[in-house]
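Engineer: Its first residue numbered 105, the first sequence is counted upward by one per residue in this note's numbering. Ideal Cβ positions, reconstructed from N, Cα and C, are used throughout, including at glycine.
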Amino acid sequence: MVSIKSWVLPKSRRDEAPHFSKAQIATVLEQVATLLKLKDANPFRIRAYENGSRTIASLETDLWELNLSGKLTEVKGIGKGISALISEALGEGTWGDLQSLYDSTPEGMIEMLAIPGLGPKRIKQLHDELNIDSIAELTAACNEDAVSCLDGFGSKSQQKILDGIDLLARFQGRRRLNVGLLYGETFEAMVARIDGVEHAQLAGSARRRRETVGDLDIVASVKPENVEAVTEAILAIPDIAEVKGAGDSKVSVILEASILERNLDLGTLDGGVFHAIGGDDYSQMESSGTIEAQVRMVPPHVFAFTLAYFTGSKEHNIKMRQLAIDKGLRLNEFGLIPEDKAGDLKGLDAAKYSLNATNEDEIYQHLGLDWVPPELREDMGEIEAAKSKSLPRLVMPTDLKGSLHNHTTLSDGVATLEQMAGAAMDMDWEFLGIADHSQILNIGDRQIGANAEDLLEQGEKIRELNDNWSDGGKNFRLLHGAECDILPDGSLDYEPETRQQLGHVIASVHQLSTWKARDEIENTEALIKTIEDPTCTIIGHPTGRILQGRDGFDVDLHAVIRRMGELNSEGELKSMEINASPYRLDLDWRFVRFARDQGVPICINPDAHDTTGLRDVWFGVQIARKGWLEPKDLLNCYSGEEIEALLSR
DNA sequence: GCCGTTTTCGGCCCGACTGTTTTCAGTCG
C-alpha cells in the first residue's frame, strides 16, 4: 500500500533524543520498501522492510528504551540492518544513506504505482528506457505510441496503461468500511441470486472488518458445468463500469455507484448494515465513484478453502500455510493437500487428494486450531491463541446495553433528550449517556457548546425523566455527562465544580490544529495530564483522525494507555472510547487489545447527533471485535444499574 | 534484510490471469 504521506525523510523537531516517533520510523521503513521496489531490489529484502514497518508500528513497548537497552534485534523481524537504521534515526536524528535512495526516485514514479496493472518493474523500465518520471509524461508517451514498441510491452499494454490512468482519475482509492460493506453486501446478494450459484459470500478485508476496504472479493460456489453461464450473467449486470478480466475461475470488474440505488430500490437487501448506517438515508453515500470487485468461482467442495484463502489477511495466510507445511501439507485456495500425494500436481488436480472441509471450522481443525473469527485474522497472535484454545468470545451487538457519548439539542444534536432516550429504548438498551459539547466549542463565531448553567439544568431534567421511568417500572435511565474540550495544556473545559456534578466526563480534543502543530512528546504529556484529572472518565476519539480525511495528531497512545491502566489499578475509572462513527473508528483497533491488557475498560460510543446515529455502535462493535474484546471488557455491556453505580462512585 | 534442535548460507507462500511470448515475466491478491 502506498502511503499518502509526503515522500521526504522526516526532520527532527527536537534537540535531544529520541528524535522520532514509532509512527515516523514505521512510515520511513514502509517508504523504503516502496522505493526499493522501484529499484528492482531483492523481493525478500523489500518484504523485510515491510515487515519491519508493521512490527514497529504495532510495537507495544517504548522504542527508545528498547534501543537504549540494546534489545532492538530481539524483536522478531528486526535484525542488524534495520536496528542500526532505527538506532541512528532515534539517537542522532539522521537517516544514514537513505537520502540518496529518496533523491534518486522521482515522486512521479511513486504515483505511477497507483495505476492498476502497472507495477514497479515496468515503471522502472519506462524510467530507464524512455525517461518517463510522471503520469503526465507516461500519458504523452502512450499517446505518441512510444510505449508499445518496448520489450515486453505491446499495443494492448499501452492501451491498458491509458485505461488505468483514466481509471485512477475517477477511482477514489480505499472506501470507509460502511461504504465498502454496502457495495460488498449488495454485490454479494446479486451474485447469489444468479442461477447456478449455489452460495456466494463476501471475503477479503470487508469480511475482516478493516476500517477501510480496498476492493471486494466474492467467493461463489459454482459447479464446473455452470461456470460459463454464471460468468455471462455476472458480466450482464448493468452496473459494471468495466471488465478488467474474465477467466475460468475469476471475473474481475469495476462497479458503478448506481449498483447501490438499484439494489435499494428493489428492496432485496435489508441486512443489519443498512440499519446501522441509517437505513435508506443513503443520500450521504458518495453517489459518484467506483469500486473494484472480483468474483472467484470454485466447485462446491473447495468453497471453504477458497473463502478462507480470500478472507486473508495475507499475513494470516502465510502463517497458516507454514503450519500446514510443518505437517507435510500444502494449503492453498483449493485445499489442504498431503504433499506426498499431491506430487507435481497443481491447483484443482492436486486438490483431489485434499482433506475434506465443508466449512472453515474443519480447515482449522485439520491444523489443530480453533476456528478463528475473520476479524482476528491479522497475524496478531490469533493463530497461537487458536492453538492453545484461548481465543476470546468476541462481543456481539446484542451484548450492548447502552453507550455514554451522545448529543442533544443542547449543543449540536438535532434530537431532544426524550427522543434520544426513546431511540435507545427501541434498541432494548438500559442506559444512554448524554454528553453535550462544553462551553468553549465554537463553529465560526457561533457558540456550539453548552454554558455551565444550561448544562446543570439538563441534569435536573434528566433526573426528572429518570424518576418517571423508575416510577413506571421501566428499566431505563439517562446518564448525565458532558464532552469536555481538552485545552492545549491538557486541562479540561468548565470549572472543576461543574464537572464534579456530572456522572461522567468525556474528554476530547477539538482544537486539532494546535495539537497537530506539536510533536508526539508534548501531546502525550498533555493527554496524560488530562487523564490524571479526577473528573475525567473517558478519552473521546483519542487521535481526532477522520478516515480518508485527515490524520490525527501525533501521540504515544501506548504511554497514555499504560498510565490509564495504572490509574484503573488504583481504583479510578479511566476508560478509552472507540468512537463508532464510521468516519472515525478511533481508538484504532490496533491499540484496543493493548488497552484491554493494561486493564483499561473500553467504551463504544456512537457520538450520535440524532436518533439514527445511535446505530453506528454496530461499527464500534466490529472494531472492538478486531481488538479481541469480550463483553466484560466493555462499559457498554454493564447493566443500567451497574453502570449507574460505577459512575456515581 | 531476516532467520536458523538443518546457525553464517540458502532459503524466504503460492496460484491466476494477462500479454507477450513459443516457455515466461509482470502484476495482483
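Might you give, ordered along the chain, the residues of its own chain that have their beta carbon closer than 8 Å to the beta carbon of residue 741, omitting 5 neighbours on each side?
Structural biologist: So the qualifying residues of the chain are 499, 503, 504, 505 and 735.
Engineer: If you pair each beta-carbon of the region 690-708 with each one of the region 658-667, do three or more pairs fall below 8 Å?
Structural biologist: yes
Engineer: Going by beta carbon distance, what residues of the same chain come within less than 7 Å of residue 472, once the five residues before and after it are set aside?
Structural biologist: 491
Engineer: Helix or strand or just coil, what does DSSP make of residue 727?
Structural biologist: In the three-state reduction of the DSSP assignment, residue 727 falls in the helix class, which pools H, G and I.
Engineer: Kindly list the residues whose CB is nearer than 6 Å to the CB of residue 705, restricted to its own chain and excluding five residues on each side of it in sequence; keep chain order.
Structural biologist: 679 and 739
Engineer: Using the Cα positions of residue 221 and residue 709, report the straight-line distance between them to the nearest angstrom.
Structural biologist: 41 Å
Engineer: For the putative contact between residue 479 and residue 649, defined by C-beta atoms under 8 Å, what is the C-beta separation to the nearest angstrom?
Structural biologist: Not really, about 20 Å apart at Cβ, beyond 8 Å.
Engineer: Kindly indicate which three-state DSSP category residue 622 falls into: helix, strand or coil?
Structural biologist: coil
Engineer: Compute the distance between the beta-carbons of residue 610 and residue 584, then report whether it is under 8 Å.
Structural biologist: For residue 610 and residue 584, no; Cβs fall outside 8 Å.
Engineer: Are the region 510-530 and the region 538-545 touching by the rule of at least three beta carbon pairs closer than 8 Å?
Structural biologist: yes
Engineer: Sorted by chain position, which residues of the same chain lie with C-beta nearer than 6 Å to residue 402's C-beta, five sequence neighbours on each side aside?
Structural biologist: 410
Engineer: Tell me the residue span of the beta strand (DSSP E) that contains residue 304.
Structural biologist: Run containing residue 304: 301-306, per the beta strand (DSSP E) assignment.
Engineer: Can you look up residue 221 in the DSSP assignment and give me helix, strand or coil?
Structural biologist: coil
Engineer: How many Å lie between residue 632 and residue 463 at the Cα?
Structural biologist: 47 Å
Engineer: Note down the Cα distance separating residue 302 from residue 461, rounded to an integer number of angstroms.
Structural biologist: The alpha-carbon separation between residue 302 and residue 461 amounts to approximately 17 Å.
Engineer: Look at the alpha carbon of residue 355 and the alpha carbon of residue 553, and state the distance between them as a whole number of angstroms.
Structural biologist: 52 Å
Engineer: Does DSSP classify residue 594 as helix, strand or coil?
Structural biologist: coil
Engineer: Distance, Cα to Cα, residue 581 vs residue 324?
Structural biologist: Straight-line Cα distance between these residues: approximately 47 Å.
Engineer: Assign residue 110 to one of two classes, buried (16 or more other C-beta atoms within 10 Å of its C-beta) or exposed (fewer than that).
Structural biologist: Exposed, since its Cβ has fewer than 16 Cβ neighbours within 10 Å.
Engineer: Taking residue 291 as part of the beta strand (DSSP E), name the residues at either end of that continuous run.
Structural biologist: Premise fails: residue 291 lies in the alpha helix (DSSP H), 281-296, not in any beta strand (DSSP E).
Engineer: Which residues share a DSSP beta bridge with residue 506?
Structural biologist: 535
Engineer: Could you tell me the alpha carbon to alpha carbon distance between residue 187 and residue 177, rounded to whole angstroms?
Structural biologist: 6 Å
Engineer: What residue does the alpha helix (DSSP H) around residue 135 start on, and which one ends it?
Structural biologist: 126-142
Engineer: Rounding to the nearest angstrom, what Cα-Cα distance links residue 636 and residue 223 in this structure?
Structural biologist: Roughly 50 Å separates the two Cα atoms.
Engineer: Going by the beta-carbon positions, is the gap between residue 315 and residue 661 smaller than 8 Å?
Structural biologist: no
Engineer: Between residue 602 and residue 527, is the Cβ-Cβ spacing less than 8 Å?
Structural biologist: No, they are not a contact pair.
Engineer: Taking its Cβ as the centre, do 16 or more other Cβ atoms sit within 10 Å of residue 372, making it buried, or is it exposed?
Structural biologist: With a pLDDT of only 30 at residue 372, under the threshold of 50, the placement of this residue in the model should not be trusted, and no figure is reported.
Engineer: Checking the sheet assignment: what are the DSSP bridge partners for residue 360?
Structural biologist: Answer is 394.
Engineer: Can the beta-carbon of residue 125 be found closer than 8 Å to that of residue 658?
Structural biologist: yes
Engineer: Measure the C-alpha to C-alpha separation of residue 750 and residue 523 and round it to an integer number of angstroms.
Structural biologist: 25 Å
Engineer: Using only CA atoms, which one of 536, 640, 571 and 726 lies nearest to residue 747?
Structural biologist: Distance check between residue 747 and each of 536, 640, 571 and 726 places 536 closest, using alpha-carbon atoms only.
Engineer: I'd like to know whether the C-beta atoms of residue 630 and residue 594 end up nearer to each other than 8 Å.
Structural biologist: yes
Engineer: Between the C-alpha atoms of residue 596 and residue 612, what's the straight-line distance to the nearest angstrom?
Structural biologist: 9 Å
Engineer: Any idea what DSSP makes of residue 383, helix, strand or coil?
Structural biologist: Because the pLDDT of residue 383 is 42, which lies under 50, any placement of that residue in the model is unreliable, and the number read from its coordinates should be weighed accordingly. Here residue 383 sits in coil by DSSP.
Engineer: If we ignore side chains and look at the alpha-carbon of each, how far apart do residue 752 and residue 424 end up?
Structural biologist: Approximately 48 Å between the Cα atoms of the pair.
Engineer: Report the partner residues of residue 654 according to the DSSP bridge assignment.
Structural biologist: Per DSSP, 650.
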